[in-house]
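Notes follow once the structure below has been shown.
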Ligand SMILES: [Zn+2]
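In my numbering, the protein residues as written are 156 to 447.
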């Protein structure tokens, strides 16, 4: 299936078939106005859950079915939200991320403002869209949609582990973290810059750089460290997590979606894991901002 992403001017850009890399639209969507989610009941948007069991519980969830994997990813998303909300809370001027997520089970689909067509359960990709928003029945609005096709995630789980799939989800959440920093602190995007302004391609689109993906890998490593400390994951799963992430490395994907090569992605995740420091990730990869 062919993936598409929408440029800031609204024209779809074709992407390579079958790529397993995430499609991030963070930079390109800086100018797309957010609106309410109008998708019908399918891959239902969900607010971040509050994990109501200790993290080792996750190891007990049977993930051999899409429903089981969805339960696992729901728990993992709650742990991501918990980690990052705690991190943002430590900085006075910041408020926590407000992303929602959508797990797309076989037979379901999910709608994103970033894509012209609904995402299917077997779509070979994972998505973060900064322009997505969703208001729940209580009137709470969430901005930033993470879409996980659970059908195809089952294949990734079979090749690696359920935690590895969660790590890919944490990469998508990493884009949300970048977006929140960018919006709340008015930071420049991680894009090609020249003379203090974003460089545009021939179609007038801003051009992301691989560091925009590598920082999400690094943030994913930050979360993996947290998950490990909480005993959500076994040590052996960490190698599988790295393999899952780098399986998305695809340097032929085109200039608009550079992810870095396998070595770079491994280094980014490992740095995030070993340091457990989002600031270190920012210092290394947020190349358009002079971090202290
Ligand atoms: Zn990404």
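Glycine included, every Cβ here is placed at the ideal spot set by N, Cα and C.
Nearest in C-alpha terms to residue 415, of all of 268, 287, 371 and 311, is 371.
A direct Cα-Cα distance of roughly 6 Å separates residue 363 from residue 347. Under the DSSP assignment, residue 284 falls in the beta strand (DSSP E) whose first and last residues are 282-290. For the set 302, 286 and 375, the Cα lying nearest the Cα of residue 426 is the one of 375. Using a C-beta cut-off of 8 Å, the region 228-245 makes contact with the region 377-397, since at least three inter-stretch Cβ pairs fall below that distance. In the three-state reduction of the DSSP assignment, residue 370 falls in the helix class. Straight-line measurement puts the Cα of residue 265 at about 11 Å from the Cα of residue 287. For residue 426, the uninterrupted alpha helix (DSSP H) segment begins and ends at 417-430. Taking every protein chain shown into account, the CB of residue 389 has fewer than 16 other CB atoms within 10 angstroms, so this residue is exposed.
Going by DSSP, residue 307 is part of the alpha helix (DSSP H) stretching over 305-314. Closest option to residue 283, judged by alpha-carbon separation, among 305, 373 and 254: 254. Excluding sequence positions up to five before and after residue 329, its CB lies within less than 6 Å of the CB of 371, 374 and 375, all in the same chain and listed in chain order. When the Cα atoms are used, residue 419 and residue 263 turn out to be separated by approximately 35 Å. The shortest C-alpha to C-alpha distance from residue 211 to any of 294, 238, 384 and 440 is the one to 384. At least one heavy atom of ligand 1 lies less than 7 Å from the C-beta of residue 371. Burial check for residue 331: the Cβ neighbour count within 10 Å reaches 16 or more, so the residue is buried. Bridge pairing for residue 298: 288 [DSSP]. The Cβ atoms of residue 324 and residue 301 lie closer than 8 Å to each other. Secondary structure note for residue 224: its alpha helix (DSSP H) is the uninterrupted segment 221-244. Taking C-beta atoms as the reference points, residue 267 and residue 200 fail to come closer than 8 Å. Just so you know, the alpha carbons of residue 356 and residue 365 end up roughly 16 Å apart. In this structure, ligand 1 has no non-hydrogen atom nearer than 7 Å to the beta-carbon of residue 302.
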